[in-house]
Amino acid sequence: MHSLRRLFLFIFSTLILLALSLKIEELRVYQGAQIAIYALGISSIVLLTGYSGQVSLGNGAFMAIGAYSAALTQIHWHLPLFLTFVIGTLSAALAGAILGGGAARLSGPYLAGATLALAVGLPTLANQFTVLNGETGLDYTAGTPPTWFGESFTLYKWFFWIVLANVMLMMFFLRNITSSRYGRTWKALRGNPVAAQLSGIQVGGSKVLAFTISAGVAGLAGTLLGMIGFVGPTGFQLGLSFALVTGAILSGVTSLAGSMLGAVVLVAIPELATVIAHRLGDTERVTSNLPGLIMSTLLILTVLFTPNGPAEQIRKHKARKQ
233 MHSLRRLFLF IFSTLILLAL SLKIEELRVY QGAQIAIYAL GISSIVLLTG
283 YSGQVSLGNG AFMAIGAYSA ALTQIHWHLP LFLTFVIGTL SAALAGAILG
333 GGAARLSGPY LAGATLALAV GLPTLANQFT VLNGETGLDY TAGTPPTWFG
383 ESFTLYKWFF WIVLANVMLM MFFLRNITSS RYGRTWKALR GNPVAAQLSG
433 IQVGGSKVLA FTISAGVAGL AGTLLGMIGF VGPTGFQLGL SFALVTGAIL
483 SGVTSLAGSM LGAVVLVAIP ELATVIAHRL GDTERVTSNL PGLIMSTLLI
533 LTVLFTPNGP AEQIRKHKAR KQ
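In structure tokens form, the structure reads like this:
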């Protein structure tokens with residue numbers, strides 16, 4: 233019953249957002265697509281860290297694997313768009329399973345270091361293999377938008393529709409799996425791995441499963457990001473992995489619903505920084521450093537006052553009132 237109610241809520245929300253996109257200006261629609269993609273990327277961190285207790289600084293690399301896999305299959309095999317999404321997701325999940333299997337015995341800073349090495353090293357591979365087209369990148373497109381709604385239905389609105397449908401579908405999957413016995417198993421691992429093992433939980437297998445799913449989710453996010461942006465090494469640098477972790481902390485690392493808040497912050501900060509920089513004189517130094525300053529300040533305030541995220545803080549406040 234809960235699953236049916238949840239499914240109805242997801243479908244209803246999706247339809248409302250799709251309808252609203254027809255009335256909103258193109259820039260805001262594009263930003264909406266960015267927010268949805270970042271929310272999905274942040275959710276991959278929430279699943280891995282917030283539920284299973286594993287720390288990853290390399291989910292941006294899994295996004296790159298998904299984007300490159302999808303782009304290559306479209307270019308060389310001419311597959312339909314939805315199949316490229318599937319391949320991008322599965323390719324990243326496979327990479328996550330391999331890394332997760334090798335890192336199953338690692339935890340804390342050691343696991344973080346292993347994933348960080350992946351995030352640092354992977355983008356440089358694009359310059360080593362001609363099939364990846366170096367800094368020029370790969371052309372990955374959703375094709376021309378359908379003519380259902382006339383000329384006002386632009387390419388960016390078509391992007392938004394594709395992005396939203398995929399993100400909502402994956403978020404529905406994540407919501408269900410974290411509410412299932414798998415989610416309870418991961419929470420037990422996060423709380424006390426030794427006690428979980430003594431109770432019969434296969435610690436290694438459960439960790440690898442969480443890593444695999446997290447990587448697959450990040451792979452889909454990367455595929456969508458490459459579709460609306462650029463499939464190249466500059467689009468998936470180390471800063472992307474750090475941005476996802478930052479968004480997860482801002483939204484509360486245990487909250488899938490809160491990932492939307494973190495995504496909004498990630499998209500809004502550059503625009504806010506531009507406005508502030510313009511008022512401060514619009515110098516190059518201010519413009520380049522202000523986004524990092526704003527992000528750092530928000531991180532410090534979040535850790536100090538709402539360590540579990542604003543959403544959890546609001547929930548506790550409501551519980552106290554009742």
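Heads up, the working numbering is the position in the sequence shown plus 232, with the first residue counted as 1. Just so you know, even glycine gets a beta-carbon here, dropped at the ideal spot from N, CA and C.
In the pairwise beta carbon analysis, the segment 442-461 is classified as touching the segment 310-324: at least three pairs are separated by under 8 Å.
Between Leu493 and Ile277, the gap from beta carbon to beta carbon reaches 9 Å or more. Fully contained in the segment 401-456 are the following alpha helix (DSSP H) runs of length 4 or more, in chain order: 413-423 and 425-430. Here Leu525 is not bridged, per DSSP, to any residue. The Cβ atoms of Ile409 and Gly328 do not sit closer than 9 Å to each other. Contact annotation: Ser473 and Thr347 have beta-carbon atoms nearer than 9 Å. Nearest Cα to Ile256 within the set Val499, Gly333 and Trp390: Trp390. If you look at Arg511, you'll find it in the alpha helix (DSSP H) that goes Ser491 to Leu512.
Following the DSSP letters along the chain, one finds Phe317 inside the alpha helix (DSSP H) bounded by residues Leu313 to Gly334. Secondary structure at Val463: strand, using DSSP grouped into helix, strand and coil. The beta-bridge partner set that DSSP reports for Leu370 consists of Val463. Straight-line measurement puts the Cα of Thr519 at about 35 Å from the Cα of Ala397. Excluding five sequence positions before and after Ala336, the CB atoms of its chain that fall closer than 7 Å to its own CB belong to Gly436, Lys439 and Val440, given in chain order. In the DSSP annotation of this structure, the continuous segment of the alpha helix (DSSP H) that includes Tyr270 starts and ends at Glu258 to Ile277.
The beta carbon of Gln429 sits closer than 6 Å to those of Val435, all from its chain and outside the five residues before and after it, given in chain order. In the three-state scheme derived from DSSP, where H, G and I count as helix and E and B as strand, Lys389 is classed as helix. With contacts defined by Cβ atoms closer than 9 Å, Ile269 and Ala495 form a contacting pair.
The continuous alpha helix (DSSP H) containing Ser301 extends over residues Asn291 to Trp309.
When Cβ pairs closer than 8 Å are counted between the two stretches, the segment 340-360 is seen to touch the segment 281-296, the count reaching three or more.
Non-local beta-carbon contacts of Tyr388 in its own chain, meaning distances under 7 Å to residues more than five positions away in sequence, involve Glu258, Val261 and Tyr262 in chain order. Taking 9 Å as the cut-off, the beta carbon of Arg237 is found no closer than this to the beta carbon of Phe404. Residue state for Arg238 is assigned as helix, using DSSP reduced to three classes.
In this structure, Pro542 lies near Ser483, with their beta-carbon atoms less than 9 Å apart. Collapsing the DSSP output to three states places Leu488 in coil. Val485 and Thr246 do not touch by the CB rule: their CB atoms are close to 25 Å apart, not below 8 Å. If you ignore the 5 residues before and after Leu249, its C-beta comes within less than 8 Å of the C-beta of Gly264 and Leu396, all in its own chain and listed in chain order. Just measuring C-alpha positions, the residue of Val497, Gln469, Gly423 and Leu252 sitting nearest Leu531 is Val497.
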